[in-house]
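To start, the structure under review is shown below, and the notes come after it.
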Amino acid sequence: MKTAICHAIALFLLVIFVQTAAADVSGSWTFAVALGDAGSGNADVSLTQQADGKLAGTYAGQLTNGPIAGTYAGDKFEFSFNSPALGADLTYRGELAADGTIKGAVVAGGQDVGTFVGTKK
Numbered sequence: 001m002k003t004a005i006c007h008a009i010a011l012f013l014l015v016i017f018v019q020t021a022a023a024d025v026s027g028s029w030t031f032a033v034a035l036g037d038a039g040s041g042n043a044d045v046s047l048t049q050q051a052d053g054k055l056a057g058t059y060a061g062q063l064t065n066g067p068i069a070g071t072y073a074g075d076k077f078e079f080s081f082n083s084p085a086l087g088a089d090l091t092y093r094g095e096l097a098a099d100g101t102i103k104g105a106v107v108a109g110g111q112d113v114g115t116f117v118g119t120k121k
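Sequence positions in the sequence shown follow the numbering used here and run 1 to 121.
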């Protein structure tokens, strides 16, 4: 009886851990970015999740070429960089979708200015 209870508790804790573990967005991605009247294009994005909830990587596209930094929690993340092409700081806010893509909004000055969909390479 004790063994059955211990197994049930272990299974319960495993299920809770799996449900609350952060989704892994680490890796190389191709982002399809749409910025309304400002146009659209693709970017190569490399992301690395760190144990402390921080996100680091690089962004290579029409908006900038350089390092990015951000955070993640669960299946949601955000990262920011300065875009000399637009003369503004941009933040990408998104989440990992069930189909394995990452989708979200491009934000400048607190306003959504576009969308993106990332596909893992």
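We treat Cβ as the ideally placed atom computed from N, Cα and C, and that holds for glycine.
Handout entry: Contact check, Asn42 vs Ala32, beta carbons under 8 Å
Key = Here residue 42 corresponds to residue number 42 of the sequence shown, with the count starting at 1. Here residue 32 corresponds to residue number 32 of the sequence shown, with the count starting at 1. Yes, these two residues count as a Cβ contact at 8 Å.
Problem - Delimiting residues of the beta strand (DSSP E) encompassing Lys121 - result: The count along the sequence shown starts at 1 and reaches residue 121 at position 121. Unbroken run through Lys121: none, as it is neither H nor E.
Exercise for the section: Check each candidate in Asp75, Ala38, Gly39 and name the one with the smallest Cα separation from Gly165. Expected result: What is shown of the chain runs 1 to 121, which leaves residue 165 out entirely.
Exercise for the section: Excluding the 5 residues preceding and the 5 following Thr117 in the sequence, name in chain order all residues of the same chain whose CB lies nearer than 8 Å to its CB. Expected result: The count along the sequence shown starts at 1 and reaches residue 117 at position 117. For the sequence presented, residue 117 should be read as Val rather than Thr. So the list reads Phe31, Ala32, Thr101, Ile102, Lys103, once near-sequence residues are dropped.
Problem - Other residues of its chain near Gln62: CB distance less than 7 Å, five sequence neighbours each side excluded - result: Residue 62 sits at position 62 when you count from the first residue of the sequence shown. Hits under 7 Å: Gly41, Ala85.
Practice task
Find the nearest neighbour of Ala105 within the set Gln49, Phe77, Asp44, judged by alpha-carbon distance.
Solution key: Here residue 105 corresponds to residue number 105 of the sequence shown, with the count starting at 1. Taking only the C-alpha atoms, the option nearest Ala105 is Phe77.
Problem - Distance, Ala23 Cα to Leu11 Cα - result: Stepping through the sequence shown from its first residue, residue 11 is reached at position 11. Stepping through the sequence shown from its first residue, residue 23 is reached at position 23. Residue placement at Leu11 cannot be trusted, given a pLDDT of 47 that sits under 50; what the coordinates show is reported in the next sentence. Straight-line Cα distance between these residues: approximately 20 Å.
Problem - Ala182 - DSSP class collapsed to helix/strand/coil - result: An answer regarding residue 182 cannot be provided, because it is not within the stretch 1 to 121 covered by the chain.
Practice task
Please state if the CB of Val107 and the CB of Arg93 are separated by a distance shorter than 8 Å.
Solution key: One-based indexing of the sequence shown puts residue 93 at position 93. One-based indexing of the sequence shown puts residue 107 at position 107. In this structure, Val107 lies closer than 8 Å to Arg93 by Cβ.
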